[in-house]
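Protein sequences, first through last, are from chains A and B. Following the working numbering, the numbering of the first sequence begins with 214 at its first residue and continues without gaps. Following the working numbering, the numbering of the second sequence begins with 214 at its first residue and continues without gaps.
Number of protein chains: 2
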Amino acid sequence: MTVQSGKVTIFDVAQHAGVSIKTVSRVINREPNVRQTTRERVQRAVDSLQYRPDQSARNLASQKSHLIALVYDDPAAYELPSSGYIIRMQQGALRACRASMKELLIHPCDFRQRNVASELRSLINDTRLSGLVLAAPLSNMQRIVRAVQATKTPFVRISPGKVVRGQPCVVTNDREVSSHMVDHLVELGHRRIAFIKGDPTHEAVGHRYLGYLDGLARHGITPDERLVADGNNSFDSGQRCAKKLLNRKRRPTAIFCANDDMAAGVIRTANRLGISVPSELSVSGFDDIILARQLDPMLTTIRQPLGRMAEAAVSMLTGNANGERSVFESVPGSLQLRESTGPVDPR
Amino acid sequence: MTVQSGKVTIFDVAQHAGVSIKTVSRVINREPNVRQTTRERVQRAVDSLQYRPDQSARNLASQKSHLIALVYDDPAAYELPSSGYIIRMQQGALRACRASMKELLIHPCDFRQRNVASELRSLINDTRLSGLVLAAPLSNMQRIVRAVQATKTPFVRISPGKVVRGQPCVVTNDREVSSHMVDHLVELGHRRIAFIKGDPTHEAVGHRYLGYLDGLARHGITPDERLVADGNNSFDSGQRCAKKLLNRKRRPTAIFCANDDMAAGVIRTANRLGISVPSELSVSGFDDIILARQLDPMLTTIRQPLGRMAEAAVSMLTGNANGERSVFESVPGSLQLRESTGPVDPR
DNA sequence: AGAACGATTGACAGCGCTGCCGCATCCCCT
DNA sequence: AGGGGATGCGGCAGCGCTGTCAATCGTTCT
Numbered sequence: 214m215t216v217q218s219g220k221v222t223i224f225d226v227a228q229h230a231g232v233s234i235k236t237v238s239r240v241i242n243r244e245p246n247v248r249q250t251t252r253e254r255v256q257r258a259v260d261s262l263q264y265r266p267d268q269s270a271r272n273l274a275s276q277k278s279h280l281i282a283l284v285y286d287d288p289a290a291y292e293l294p295s296s297g298y299i300i301r302m303q304q305g306a307l308r309a310c311r312a313s314m315k316e317l318l319i320h321p322c323d324f325r326q327r328n329v330a331s332e333l334r335s336l337i338n339d340t341r342l343s344g345l346v347l348a349a350p351l352s353n354m355q356r357i358v359r360a361v362q363a364t365k366t367p368f369v370r371i372s373p374g375k376v377v378r379g380q381p382c383v384v385t386n387d388r389e390v391s392s393h394m395v396d397h398l399v400e401l402g403h404r405r406i407a408f409i410k411g412d413p414t415h416e417a418v419g420h421r422y423l424g425y426l427d428g429l430a431r432h433g434i435t436p437d438e439r440l441v442a443d444g445n446n447s448f449d450s451g452q453r454c455a456k457k458l459l460n461r462k463r464r465p466t467a468i469f470c471a472n473d474d475m476a477a478g479v480i481r482t483a484n485r486l487g488i489s490v491p492s493e494l495s496v497s498g499f500d501d502i503i504l505a506r507q508l509d510p511m512l513t514t515i516r517q518p519l520g521r522m523a524e525a526a527v528s529m530l531t532g533n534a535n536g537e538r539s540v541f542e543s544v545p546g547s548l549q550l551r552e553s554t555g556p557v558d559p560r
Numbered sequence: 214m215t216v217q218s219g220k221v222t223i224f225d226v227a228q229h230a231g232v233s234i235k236t237v238s239r240v241i242n243r244e245p246n247v248r249q250t251t252r253e254r255v256q257r258a259v260d261s262l263q264y265r266p267d268q269s270a271r272n273l274a275s276q277k278s279h280l281i282a283l284v285y286d287d288p289a290a291y292e293l294p295s296s297g298y299i300i301r302m303q304q305g306a307l308r309a310c311r312a313s314m315k316e317l318l319i320h321p322c323d324f325r326q327r328n329v330a331s332e333l334r335s336l337i338n339d340t341r342l343s344g345l346v347l348a349a350p351l352s353n354m355q356r357i358v359r360a361v362q363a364t365k366t367p368f369v370r371i372s373p374g375k376v377v378r379g380q381p382c383v384v385t386n387d388r389e390v391s392s393h394m395v396d397h398l399v400e401l402g403h404r405r406i407a408f409i410k411g412d413p414t415h416e417a418v419g420h421r422y423l424g425y426l427d428g429l430a431r432h433g434i435t436p437d438e439r440l441v442a443d444g445n446n447s448f449d450s451g452q453r454c455a456k457k458l459l460n461r462k463r464r465p466t467a468i469f470c471a472n473d474d475m476a477a478g479v480i481r482t483a484n485r486l487g488i489s490v491p492s493e494l495s496v497s498g499f500d501d502i503i504l505a506r507q508l509d510p511m512l513t514t515i516r517q518p519l520g521r522m523a524e525a526a527v528s529m530l531t532g533n534a535n536g537e538r539s540v541f542e543s544v545p546g547s548l549q550l551r552e553s554t555g556p557v558d559p560r
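The structure is reproduced here in structure tokens:
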């Protein structure tokens with residue numbers, strides 16, 4: 214363990230390595246045109262002195278910050294249960310920030326407010342962000358995306374509804390993996406599989422519906438629009454849609470929900486109606502929020518790789534070790550088979 | 214709306230106000246020894262130019278950052294459902310930071326790791342924090358508190374187990390409000406009221422047990438240690454304790470849990486045992502996590518003012534408008550009466 | 001061999017702000 | 001009236017780093 218007395222400056226490193234402070238700066242910033250041997254020598258000095266560049270000084274001198282902002286819609290503002298969603302993204306973003314010596318600024322905001330766009334504008338102005346990650350559903354809102362774009366600040370969208378050229382983004386394979394959920398249900402013997410759609414403004418969620426259709430098609434099942442209900446991502450809407458679907462004379466044997474909150478609402482409603490899950494009704498969700506494992510029965514769902522998506526998003530902003538930046542990443546989701554889906558009721 | 218062209222520096226403000234740049238600096242930093250009239254004149258210039266001091270420059274010149282770190286145990290690391298807890302604290306902390314022109318650095322960490330202390334040490338060294346907020350349960354861990362204290366960085370603990378002189382902290386009235394929950398239960402006719410204790414390392418949670426005893430005493434009920442179970446804050450431990458308590462011949466008519474997760478476990482277990490809540494068993498929790506409103510029945514619980522606690526903590530670090538810093542704040546919690554408690558079974 | 005050119009490195013002037021010090025003033029007391 | 005100590009303000013030298021530009025070195029080309 215090295216003694217950590219006083220601050221080590223770039224000057225100390227330069228002396229130790231026998232080069233100018235500018236050269237050290239070049240190495241730190243991975244600039245080109247430094248001889249390999251020099252680079253290594255400097256790196257050794259950095260390591261042995263445990264040198265950590267002073268962010269404030271870098272920011273001041275370079276006239277830009279090393280801050281990455283993670284902007285997300287704030288569920289606590291109106292009490293949605295998706296805080297796990299945010300935590301996971303924060304974690305991923307934090308991982309990537311540490312890897313590239315950036316700092317993470319979290320910026321929750323309420324997308325229903327009219328002035329979100331100007332709020333972001335001043336965030337960018339005040340802090341001279343070096344990059345911004347826009348999480349869904351904000352990443353789908355034209356007004357907001359355009360406001361950010363107008364500032365020329367590099368940004369990456371997470372789960373944008375539409376992939377647009379020149380707008381870097383990271384997505385998950387919502388559609389494909391949703392169709393796999395249908396596969397799973399069909400394997401259990403289900404044919405009358407209902408679907409509860411999510412909030413139409415959250416376009417990525419729309420892909421899940423398409424995946425549902427894909428899955429049905431793959432198994433030669435004709436879609437029945439009476440088995441499709443319109444939710445809005447909330448627990449309450451899950452309850453509402455479940456009532457509607459379950460009160461039909463020929464009710465579905467399985468309900469696939471576009472997100473877990475709605476699936477929770479469905480399970481609650483089924484319980485209240487005395488319909489047993491999964492023996493009489495299979496229910497599945499999407500997201501794998503923490504609640505999913507706390508439901509009784511535990512929810513079969515699809516895990517979104519939120520952490521890795523956020524991590525990828527930040528990396529796209531900072532560039533990888535070679536300074537390359539991709540403009541599109543797709544991180545696959547995965548089925549989490551649990552208790553809420555089961556073989557179709559033999560009755 | 215003023216045009217936001219280019220950056221406004223302290224120099225511009227000084228010119229506009231007809232004073233030296235140093236005087237502007239004094240006003241910005243709320244330093245004393247500036248005539249009131251001068252202060253106002255400068256303030257007007259600041260406002261009209263929409264001047265925002267450059268944080269990096271301030272940090273560099275003053276050799277300290279304007280960063281406040283919020284350090285919390287990271288539930289996502291091992292999948293606890295308390296992410297709502299964190300989100301609310303983040304929000305509160307963010308509010309206070311904005312009010313005092315600070316920036317918030319979030320730092321999740323896993324308290325079970327041996328090296329948390331050194332992790333915090335390097336966090337402090339690397340970023341030159343101006344202050345640190347330590348959330349429970351980290352705020353209760355001697356090893357960690359001492360490590361932070363050794364760095365001389367100002368810090369505030371949230372919900373520390375013990376209040377220690379010279380260690381600023383913010384608490385909620387756990388004990389008092391817990392006794393009110395007992396009042397509520399007694400009013401509903403309960404006398405055999407059980408209690409499930411929380412994790413012993415989380416000392417604030419211990420106060421809830423004392424409050425439970427206070428409440429019993431107030432109503433002349435003799436505590437029965439067979440009605441007290443030892444949980445560890447987890448959902449599973451709630452299930453375990455519930456089984457134990459409910460399998461007694463004279464089972465309790467109400468169970469008060471030291472946190473919501475355990476209460477959720479109790480409700481789940483009651484459901485499985487065919488015991489109806491609240492008609493046969495009242496259940497109450499503590500925290501008011503988001504899950505509380507999603508349980509069926511919705512959980513009667515106590516809402517911890519986490520947001521306001523975190524806000525208070527940050528304010529204690531930054532000082533209020535007059536530069537005063539308190540060293541102790543108590544923010545009251547409040548009963549949330551919902552569906553899981555009801556009149557005692559007349560049977 | 002000499003010119004031309006890219007690769008590599010260093011010198012130096014700030015980035016926008018604060019800390020320290022010095023110079024006026026002003027007030028109160030003897 | 002004069003000394004001593006607040007009070008109010010400005011000047012100046014950096015904080016630790018990066019951008020710019022110029023200097024040096026090594027190679028390739030004619």
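All C-beta atoms in this analysis are idealised placements derived from N, C-alpha and C, irrespective of residue type, glycine included. Keep in mind it's a predicted model, so treat the numbers as computed, not measured.
Between residue i and residue j, is the Cβ-Cβ spacing less than 8 angstroms?
{"i": "Ala-467 (chain B)", "j": "Ser-495 (chain B)", "result": "yes"}
{"i": "Ala-363 (chain A)", "j": "Tyr-285 (chain A)", "result": "no"}
{"i": "Val-346 (chain B)", "j": "Leu-280 (chain B)", "result": "no"}
{"i": "Val-418 (chain A)", "j": "Phe-469 (chain A)", "result": "no"}
{"i": "Leu-440 (chain A)", "j": "Leu-459 (chain A)", "result": "no"}
{"i": "Ile-409 (chain B)", "j": "Gly-444 (chain B)", "result": "yes"}
{"i": "Pro-367 (chain A)", "j": "Leu-530 (chain A)", "result": "yes"}
{"i": "Tyr-298 (chain A)", "j": "Leu-519 (chain A)", "result": "yes"}
{"i": "Ala-258 (chain A)", "j": "His-229 (chain A)", "result": "yes"}
{"i": "Val-479 (chain A)", "j": "Pro-510 (chain A)", "result": "no"}
{"i": "His-456 (chain A)", "j": "Thr-482 (chain A)", "result": "The residue asked about is misnamed: residue 456 (chain A) is Lys in this sequence, not His. Yes."}
{"i": "Ala-523 (chain B)", "j": "Met-302 (chain B)", "result": "yes"}
Which same chain residues end up closer than 7 angstroms to residue i when comparing Cβ atoms and leaving out the 5 residues on each side of it in sequence?
{"i": "Pro-321 (chain A)", "result": "Tyr-285 and Asp-287"}
{"i": "Leu-423 (chain B)", "result": "Arg-388"}
{"i": "Arg-404 (chain A)", "result": "Ile-434"}
{"i": "Leu-401 (chain A)", "result": "Ser-495, Thr-554, Gly-555, Pro-556 and Val-557"}
For residue i, which residues of its own chain have a beta-carbon under 6 angstroms away from its beta-carbon, when the five flanking residues on both sides are left out?
{"i": "Ser-528 (chain A)", "result": "Ala-309"}
{"i": "Thr-513 (chain B)", "result": "Ser-497, Leu-550, Arg-551, Ser-553 and Thr-554"}
{"i": "Gln-380 (chain A)", "result": "none"}
{"i": "Ser-392 (chain A)", "result": "Gly-424, Asp-427 and Gly-428"}
{"i": "Arg-239 (chain A)", "result": "Val-247"}
Ordered along the chain, which non-local residues of its own chain (more than five positions away) have a Cβ less than 8 angstroms from that of residue i?
{"i": "Val-376 (chain A)", "result": "Cys-382, Val-384 and Phe-541"}
{"i": "Leu-399 (chain A)", "result": "Per the sequence shown, residue 399 (chain A) should be read as Val rather than Leu. Excluding sequence neighbours, Val-399 (chain A) sits near Ile-406, Gly-428, His-432 and Ile-434."}
{"i": "Ile-357 (chain A)", "result": "Phe-324, Val-329, Ala-330, Leu-333, Leu-347 and Leu-351"}
{"i": "Arg-506 (chain A)", "result": "Leu-512 and Arg-551"}
For this session: At 3 residues or longer, and completely inside the stretch 324 to 377 of chain A: list those beta strand (DSSP E) runs for me, N to C.
Result: The qualifying runs are 344 to 347 and 368 to 371.
For this session: Specify whether the stretch 487 to 503 of chain B and the stretch 355 to 362 of chain B touch according to this definition: at least 3 beta carbon pairs, one from each stretch, less than 8 angstroms apart.
Result: no
Exercise. Between the stretch 494 to 513 of chain A and chain B, which residues of the former have CB atoms less than 7 angstroms from a CB of the latter, in chain order?
Worked result: Ile-503, Leu-504, Gln-507 and Asp-509
Problem set entry | Three or more C-beta pairs below 8 angstroms linking the stretch 228 to 239 of chain A and the stretch 300 to 307 of chain B | Not touching, per the Cβ criterion.
Problem set entry | Contiguous alpha helix (DSSP H) assignments of at least 4 residues, all confined to the stretch 468 to 524 of chain B | Residue ranges of uninterrupted alpha helix (DSSP H) with 4 or more members, entirely inside the stretch 468 to 524 of chain B and ordered along the chain, are 473 to 486.
Exercise. Do the stretch 223 to 232 of chain B and the stretch 261 to 269 of chain B make contact, defined as three or more Cβ pairs closer than 8 angstroms?
Worked result: The stretch 223 to 232 of chain B and the stretch 261 to 269 of chain B touch, with no fewer than 3 CB-CB distances between them shorter than 8 angstroms.
Exercise. Which of the residues in the stretch 476 to 489 of chain A, read from start to end, lie with their CB under 8 angstroms from any CB of chain B?
Worked result: Correct list: Ala-477, Arg-481, Asn-484 and Arg-485.
Exercise. Listed in chain order, which residues of the stretch 328 to 358 of chain A have Cβ atoms closer than 7 angstroms to some Cβ of chain B?
Worked result: Asn-338 and Asp-339
Problem set entry | Contact residues within the stretch 365 to 392 of chain A, judged by C-beta distance below 8 angstroms to chain B | none
Exercise. Between the stretch 291 to 318 of chain B and chain A, which residues of the former have CB atoms less than 8 angstroms from a CB of the latter, in chain order?
Worked result: Glu-292, Leu-293, Pro-294, Ser-296, Gly-297, Ile-299, Ile-300, Arg-301, Gln-303, Gln-304, Leu-307, Glu-316, Leu-317 and Leu-318
Problem set entry | Contiguous alpha helix (DSSP H) assignments of at least 4 residues, all confined to the stretch 248 to 323 of chain A | 249 to 262, 268 to 275 and 296 to 312
Exercise. What are the residues of the stretch 398 to 420 of chain A that lie near chain B, defined by any Cβ-Cβ distance shorter than 8 angstroms?
Worked result: none
Exercise. According to a CB-to-CB cut-off of less than 8 angstroms, which residues of the stretch 272 to 287 of chain B neighbour chain A?
Worked result: Those would be Asn-272, Leu-273, Ser-278 and Asp-287, in chain order.
Exercise. Can you give, in chain order, each stretch of the alpha helix (DSSP H) that sits fully within the stretch 406 to 457 of chain A and has at least 4 residues?
Worked result: 416 to 431
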